[in-house]
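Working notes for the structure below.
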Amino acid sequence: TRVISPALRRALELRDQGCAHPGCRMPARFCDAHHITHWAQGGQTTLANLRLLCRHHHRQAHHHQPYPRKE
């Protein structure tokens, strides 16, 4: 399933703290959970395959823009 459980969402928010795009300061509560390997392409709904992205960066990710990672 691609649905993110409340427990998984909490774990994602604790890990990422907000948008995972470098330099973005959008708080977690305003972010979407994004599958790094898209669900439609076989990506799993697991903490390892999810990142929080704000609406703007989530749209960019789905338009095949490179996905930088916070270090």
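For reference, each letter of the sequence shown is one residue, going 9 to 79 in my numbering. Each residue gets a CB set at the ideal place from its N, CA and C atoms; glycine is no exception.
Give the single residue among the options whose Cα lies nearest to the Cα of residue i.
i	options	result
His66	Cys39, Gly51, Pro35	Cys39
Buried or exposed, going by whether 16 or more other CB atoms sit within 10 Å of the CB of residue i?
i	result
His43	buried
Just to confirm my understanding: we take residue i, look at its own chain, exclude 5 residues before and 5 after, and list those with CB closer than 7 Å. What are they?
i	result
Cys27	Met34, Cys39, Leu60, Leu61, Cys62, His65
If you draw a straight line from the alpha carbon of residue i to that of residue j, how long is it in whole angstroms?
i	j	result
Arg18	Asp24	10 Å
Ala69	Ile12	18 Å
His71	Ala48	15 Å
Leu16	His29	20 Å
What are the partner residues of residue i, as DSSP defines its beta bridges?
i	result
Asp40	Leu61
Pro35	Gly26
In chain order, what residues of the same chain lie with their CB nearer than 8 Å to the CB of residue i, ignoring the 5 residues before and after it?
i	result
Asn57	His43, Ile44, Thr45, Gly51
Arg37	Glu21
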